[in-house]
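Enquirer:
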Amino acid sequence: MPVFFSIGFRPFFASGTLFAAIALMLWGLFWQSGSSILTPVGGMLFWHPHELLMGFAQAIIIGFLLTAVRNWTGLETANPATLCLLFASWWGARCIMAFGAGLPLPVIVISQLITPFLAALCIGVPIIQKRMWRNLFAPVLLLLMALLDGVMLIHVETKQALPNDLFNIGILGIVLLMTVIGGRIIPLFTANRLKTTKPVESRPALLFCVLPIILLIVGLIGESLTTQPGQGGDTQPGIASWPAQCLLGIVCIAHAYRLFRWHTPGIWRHPMLWSLFVFYAGIPAGFALLALNPHLQLGSVPWHMLTVGAMSGLIISMVTRVSLGHTGRVIVHDRIILTAFFCLLASALMRTLGVALFSLHPHLILGSAVLASISMALIFLRFTLIWLRPRPDAA
473 MPVFFSIGFR PFFASGTLFA AIALMLWGLF WQSGSSILTP VGGMLFWHPH
523 ELLMGFAQAI IIGFLLTAVR NWTGLETANP ATLCLLFASW WGARCIMAFG
573 AGLPLPVIVI SQLITPFLAA LCIGVPIIQK RMWRNLFAPV LLLLMALLDG
623 VMLIHVETKQ ALPNDLFNIG ILGIVLLMTV IGGRIIPLFT ANRLKTTKPV
673 ESRPALLFCV LPIILLIVGL IGESLTTQPG QGGDTQPGIA SWPAQCLLGI
723 VCIAHAYRLF RWHTPGIWRH PMLWSLFVFY AGIPAGFALL ALNPHLQLGS
773 VPWHMLTVGA MSGLIISMVT RVSLGHTGRV IVHDRIILTA FFCLLASALM
823 RTLGVALFSL HPHLILGSAV LASISMALIF LRFTLIWLRP RPDAA
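Position 171 of the sequence shown, counted from 1, bears residue number 643 in our numbering, the numbering being contiguous throughout.
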């Protein structure tokens with residue numbers, strides 16, 4: 473176990489993928505049967521989006537940032553004892569959310585905030601010590617996620633209504649992180665693998681990818697402050713307004729152009745590369761669907777394009793690369809990894825295109841959830857021994 477707690481990605485990638493596999497299967501069965509073995513905080517309709525954002529995605533983000541910040545700064549972000557504490561607090565939070573209906577609100581909120589606050593401290597201190605101010609977005613993001621989480625929990629427990637606008641703010645926040653991190657690593661990985669020149673992104677181009685998302689988040693925050701309990705949802709007035717529609721069009725084109733500039737035909741020979749491109753394409757596709765949503769009445773389809781298609785897809789692509797690369801192994805796919813990619817891609821298409829064409833049928837939700845669960849389970853099983861074992865080149 474000392475190896476397992478030697479670096480951030482090992483316990484948190486393992487925890488995130490295992491938890492997602494279980495949570496998605498339970499969600500699919502709930503849609504099929506209408507009942508669940510869980511007694512979750514806020515009910516199943518709150519538990520599902522909350523736990524995939526503040527549970528699954530949060531775990532992968534923390535594991536990635538603990539590892540990345542150590543590489544950026546050359547300083548340790550968390551020793552084994554601290555990682556054990558983070559690991560235990562994260563799993564404790566998941567248990568409370570799954571079985572904590574009826575617990576006092578302060579207990580629920582505090583349990584959910586411990587992990588992101590501690591993780592933000594772990595990555596913030598080395599960044600400040602090295603004066604790497606451009607990377608301060610990382611701990612700030614975790615603190616903002618914790619704040620949003622607290623507001624979500626207070627909302628659902630006191631107003632007894634789903635905070636859909638807050639969920640959407642959380643989704644856009646994670647998309648913003650994927651935009652920043654993706655812009656750093658996808659062209660770099662591509663250039664290194666194919667021995668090509670890394671394309672240089674101008675500041676205006678990056679600004680067009682980032683600023684509209686920030687403005688959309690600000691708009692949704694304003695919308696959430698004026699929305700009455702029971703209102704809001706998948707097509708808030710803030711998203712459907714003409715300024716938001718303009719921002720969605722701009723950010724869609726900006727991300728599509730970004731992907732076009734990164735693209736080179738050689739990626740299609742390497743699943744570890746094309747998976748990054750295909751899943752990143754879920755970002756402009758999601759924004760395009762959001763722009764069309766007021767006219768086509770697609771419901772939550774655009775948000776699931778961003779979460780299942782982009783977020784979950786980029787997560788498993790990065791989990792495979794980081795887990796292989798940071799343990800001294802060759803970054804190459806195998807049948808298990810490829811099957812996981814295709815299962816998640818099929819899940820995303822079923823949850824978006826399938827639902828758009830055939831409506832929100834329980835069988836479609838079950839099928840999509842099962843495929844996504846299988847994808848996460850395959851990644852967990854494929855890398856469990858790698859996460860538990862030391863690097864092969866370790867002395």
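For glycine and all other residues, C-beta sits at the position ideal for the given N, C-alpha and C.
#1: Suppose contacts are defined by Cβ-Cβ distances below 9 Å. Is Ala-677 in contact with Ala-726 by that definition?
#2: What are the start and end residues of the alpha helix (DSSP H) that includes Gly-781?
#3: If you measure between the beta carbons of Trp-775 and Asn-640, is that distance less than 9 Å?
#4: Helix, strand or coil: how does DSSP classify Leu-666 here?
#5: Quick check: the Cα distance between Ile-466 and Thr-651, rounded to an integer number of angstroms?
#6: In or out: Ala-492 buried (at least 16 other Cβ within 10 Å) or exposed?
#7: Below 8 Å CB to CB, which residues in the same chain sit around Phe-852 once its five sequence neighbours on both sides are set aside?
#8: Using the three-state DSSP reduction, which class does Thr-489 fall into: helix, strand or coil?
#9: Does the count of Cβ pairs from the region 778 to 787 and the region 741 to 758 closer than 8 Å reach three?
#10: Look at the alpha carbon of Glu-523 and the alpha carbon of Trp-562, and state the distance between them as a whole number of angstroms.
#11: Would the region 678 to 686 and the region 712 to 723 be scored as touching if the rule is three or more Cβ pairs under 8 Å?
#12: What residue from Pro-743, His-798, Phe-814, Met-822 has the CA that sits closest to Ser-847's CA?
#13: What would DSSP say about Phe-484, mapped onto helix, strand or coil?
#14: Measuring CA to CA, which of Arg-823, Ala-849, Phe-830, Phe-528 is closest to Leu-838?
#15: CB Ile-479 to CB Arg-542, shorter than 9 Å?
#16: Can you round the beta-carbon distance between Ile-643 and Thr-779 to whole angstroms, since I take them to be within the 8 Å contact cut?
#17: Could you check the C-alpha separation between Phe-749 and Phe-732 for me, to the nearest Å?
#18: Are Val-612 and Ala-592 touching if we call contact CB-CB under 9 Å?
#19: With burial defined as no fewer than 16 other Cβ atoms inside 10 Å of the residue's Cβ, what is the status of Arg-675: buried or exposed?
#20: Buried or exposed for Cys-594, going by 16 or more other Cβ atoms inside 10 Å?
#21: With DSSP collapsed to three states, give me the class of Phe-476.
#22: Quick check on DSSP: helix, strand or coil for Met-604?
#23: Out of Val-723, Leu-843, Ile-626, Leu-829, state which residue places its alpha-carbon closest to the alpha-carbon of Leu-817.
#24: Taking only runs of the alpha helix (DSSP H) that begin and end inside the region 489 to 559, which ones reach a length of at least 4 residues, in chain order?
#25: Have a look at Arg-863 and Val-791 and give me their C-alpha separation to the nearest angstrom.
#26: Taking the alpha-carbon positions, what's the Gly-702 to Ser-696 distance?
#27: Using 10 angstroms around the beta-carbon of Phe-830, count the other beta-carbons present and answer buried if the total reaches 16, otherwise exposed.
#28: From Gln-769, Phe-502, Pro-659, Met-569, pick the residue whose C-alpha is nearest to that of Leu-745; which is it?
#29: Taking DSSP as the reference, what is the three-state secondary structure of Ser-696?
#30: Quick check on Gly-527: buried or exposed, where buried means 16 or more other Cβ atoms within 10 Å of its Cβ?
#31: Helix, strand or coil for Leu-850, going by three-state DSSP, please let me know.
#32: State the Cα-Cα distance for the pair Phe-477 and Leu-558, rounded to the nearest angstrom.
#33: With distances taken between CB atoms, is the gap from Leu-860 to Val-475 smaller than 9 Å?
#34: Sort Gly-546, Leu-590, Gln-584 by Cα distance to Cys-556 and report the nearest one.
#35: Please list the segments of the alpha helix (DSSP H) lying wholly inside the region 702 to 771, counting only runs of 4 or more residues, in order along the chain.
Expert: Once the coordinates are examined:
#1: For the purposes of this step, residue 677 is taken as residue 205 along the sequence shown, with counting starting at 1. For the purposes of this step, residue 726 is taken as residue 254 along the sequence shown, with counting starting at 1. For Ala-677 and Ala-726, yes; Cβs fall inside 9 Å.
#2: Locating residue 781 in the sequence shown gives position 309, counting from the first residue. Careful: Gly-781 lies outside any alpha helix (DSSP H) and carries neither H nor E.
#3: Your numbering for residue 775 matches position 303 in the sequence shown. Your numbering for residue 640 matches position 168 in the sequence shown. Between Trp-775 and Asn-640, the C-beta gap is smaller than 9 Å, which places the two residues in contact.
#4: One-based indexing of the sequence shown puts residue 666 at position 194. Correct three-state label for Leu-666: helix.
#5: With the chain running from 473 to 867 in the structure shown, residue 466 is simply not present.
#6: Here residue 492 is taken as the residue at index 20 of the sequence shown, counted from 1. With 16 or more Cβ atoms within 10 Å of its Cβ, Ala-492 is classed as buried.
#7: Start at 1 with the first residue of the sequence shown, and residue 852 comes out as number 380. For Phe-852, where only same-chain residues beyond five positions count, the Cβ hits under 8 Å are Ala-486, Thr-489, Leu-490, Ala-493.
#8: Within the sequence shown, residue 489 is the residue found at index 17, counting from 1. Helix.
#9: Three or more beta-carbon pairs drawn from the region 778 to 787 and the region 741 to 758 are found closer than 8 Å, and the two stretches are therefore classed as touching.
#10: Start at 1 with the first residue of the sequence shown, and residue 523 comes out as number 51. Start at 1 with the first residue of the sequence shown, and residue 562 comes out as number 90. Approximately 11 Å between the Cα atoms of the pair.
#11: Because the criterion of three Cβ pairs below 8 Å is met, the region 678 to 686 and the region 712 to 723 touch.
#12: Residue numbering aside, residue 847 sits at position 375 when the sequence shown is read from its first letter. Among Pro-743, His-798, Phe-814, Met-822, the Cα nearest to that of Ser-847 belongs to Phe-814.
#13: The residue you call residue 484 lines up with position 12 of the sequence shown. In the structure shown, Phe-484 sits in a helix (DSSP, three-state: H, G or I).
#14: Working through the sequence shown from its first residue, we reach residue 838 at position 366. For Leu-838, the closest of Arg-823, Ala-849, Phe-830, Phe-528 by C-alpha to C-alpha distance is Arg-823.
#15: One-based indexing of the sequence shown puts residue 479 at position 7. One-based indexing of the sequence shown puts residue 542 at position 70. The Cβ atoms of Ile-479 and Arg-542 sit closer than 9 Å to each other.
#16: Here residue 643 corresponds to residue number 171 of the sequence shown, with the count starting at 1. Here residue 779 corresponds to residue number 307 of the sequence shown, with the count starting at 1. Your pair Ile-643 and Thr-779 checks out as a contact, with CB atoms roughly 6 Å apart and the cut at 8 Å.
#17: Numbered from its first residue, the sequence shown carries residue 749 at position 277. Numbered from its first residue, the sequence shown carries residue 732 at position 260. Phe-732 has its alpha-carbon roughly 10 Å from the corresponding atom of Phe-749.
#18: In the sequence shown, residue 612 corresponds to position 140, counting from 1. In the sequence shown, residue 592 corresponds to position 120, counting from 1. With contacts defined by Cβ atoms closer than 9 Å, Val-612 and Ala-592 form a contacting pair.
#19: As a first step, residue 675 is located in the sequence shown; it is residue number 203 there, counting from the start. Exposed: under 16 other Cβ atoms inside 10 Å.
#20: Against the sequence shown, residue 594 aligns to sequence position 122. Cys-594 is buried by the Cβ-count criterion.
#21: Numbered from its first residue, the sequence shown carries residue 476 at position 4. If DSSP states are grouped into helix, strand and coil, Phe-476 belongs with coil.
#22: Sequence index remark: in the sequence shown, residue 604 carries index 132 (1-based). Three-state DSSP puts Met-604 in coil, outside helix and strand.
#23: As a working mapping, residue 817 is identified with position 345 in the sequence shown. When C-alpha distances from Leu-817 are compared across Val-723, Leu-843, Ile-626, Leu-829, the shortest belongs to Leu-843.
#24: If we require 4 residues or more, the alpha helix (DSSP H) runs fully inside the region 489 to 559 come out as 516 to 523, 530 to 545.
#25: Residue numbering aside, residue 863 sits at position 391 when the sequence shown is read from its first letter. Residue numbering aside, residue 791 sits at position 319 when the sequence shown is read from its first letter. Note on geometry: alpha-carbon atoms of Arg-863 and Val-791 lie some 16 Å from one another.
#26: As a working mapping, residue 702 is identified with position 230 in the sequence shown. As a working mapping, residue 696 is identified with position 224 in the sequence shown. Because the pLDDT of Gly-702 is 48, which lies under 50, any placement of that residue in the model is unreliable, and the number read from its coordinates should be weighed accordingly. One C-alpha to the other measures close to 11 Å.
#27: By 1-based counting over the sequence shown, the position of residue 830 is 358. Result: exposed.
#28: Indexing the sequence shown from 1 puts residue 745 at position 273. Selected option, being the one with the closest Cα: Pro-659.
#29: Within the sequence shown, the letter at position 224 stands for residue 696. Of the three classes helix, strand and coil, the one that applies to Ser-696 here is helix, per DSSP.
#30: Looking up residue 527 in the sequence shown gives position 55. Per the 10 Å Cβ criterion, buried.
#31: Within the sequence shown, numbered from 1, the residue matching residue 850 stands at position 378. Three-state DSSP puts Leu-850 in a helix.
#32: To locate residue 477, count along the sequence shown from 1; it is residue 5. To locate residue 558, count along the sequence shown from 1; it is residue 86. The alpha-carbon atoms of Phe-477 and Leu-558 are separated by roughly 10 Å.
#33: The residue labelled residue 860 in the question sits at position 388 within the sequence shown. The residue labelled residue 475 in the question sits at position 3 within the sequence shown. Taking 9 Å as the Cβ cut-off, Leu-860 and Val-475 qualify as a contacting pair.
#34: To locate residue 556, count along the sequence shown from 1; it is residue 84. Residue Leu-590 is the option with its Cα nearest to Cys-556.
#35: Scanning the region 702 to 771 for uninterrupted alpha helix (DSSP H) segments of 4 residues or longer gives 709 to 712, 714 to 734, 743 to 752, 754 to 768, listed from N- to C-terminal end.
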